[in-house]
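Undergrad:
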Amino acid sequence: MKNSEIRSLSESEIVERLASEKENLTKLRFAHAISPIENPNKIKEAKRNVARLQTALTEKKIAK
C-alpha cells in the first residue's frame, strides 16, 4: 500500500485498515514462530504498512 493511497482514505477507513493490518502482522508472526514462512519479508512489509497507517492517522488527527 502506497502513501498516496493511504492519504486518500478517510480517518475511519484508516482505522479499519490499521486493525486489519495489525491482525495480519500477528498472524504472520505466529506462523513464522511455528514454522518458518516462505517469505519472511512479508513481516517487514506488514510492519511498514502498520507504521504508514499510524502516521497517516496521526496526521489526520493533527490537521483537525
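Quick note: the sequence shown, position 43, residue 50 per my numbering, numbers continuous. Beta carbons are placed, not taken as given, at the ideal position from N, Cα and C, and that holds for glycine.
#1: Compute the Euclidean distance between the alpha carbons of PHE37 and ILE44, then round it to the nearest angstrom.
#2: Expressed to the nearest angstrom, what Euclidean distance is found between the alpha-carbon atoms of LYS9 and SER42?
#3: Hey, how far is the Cα of LYS49 from the Cα of LYS71?
#4: Contact check, LEU16 vs ARG24 under 8 Å by CB: the rounded distance?
#5: Does DSSP put LEU16 in a helix, in a strand, or in coil?
TA: Per the coordinate set shown:
#1: The count along the sequence shown starts at 1 and reaches residue 37 at position 30. The count along the sequence shown starts at 1 and reaches residue 44 at position 37. C-alpha separation (whole angstroms): 10 Å.
#2: Within the sequence shown, numbered from 1, the residue matching residue 9 stands at position 2. Within the sequence shown, numbered from 1, the residue matching residue 42 stands at position 35. Going from the Cα of LYS9 to the Cα of SER42 covers about 30 Å.
#3: To locate residue 49, count along the sequence shown from 1; it is residue 42. To locate residue 71, count along the sequence shown from 1; it is residue 64. Those two C-alpha atoms are separated by around 33 Å.
#4: On the sequence shown, position 9 is the one that residue 16 refers to. On the sequence shown, position 17 is the one that residue 24 refers to. Confirmed, about 7 Å.
#5: Numbered from 1 along the sequence shown, position 9 holds the residue referred to as residue 16. Of the three classes helix, strand and coil, the one that applies to LEU16 here is coil, per DSSP.
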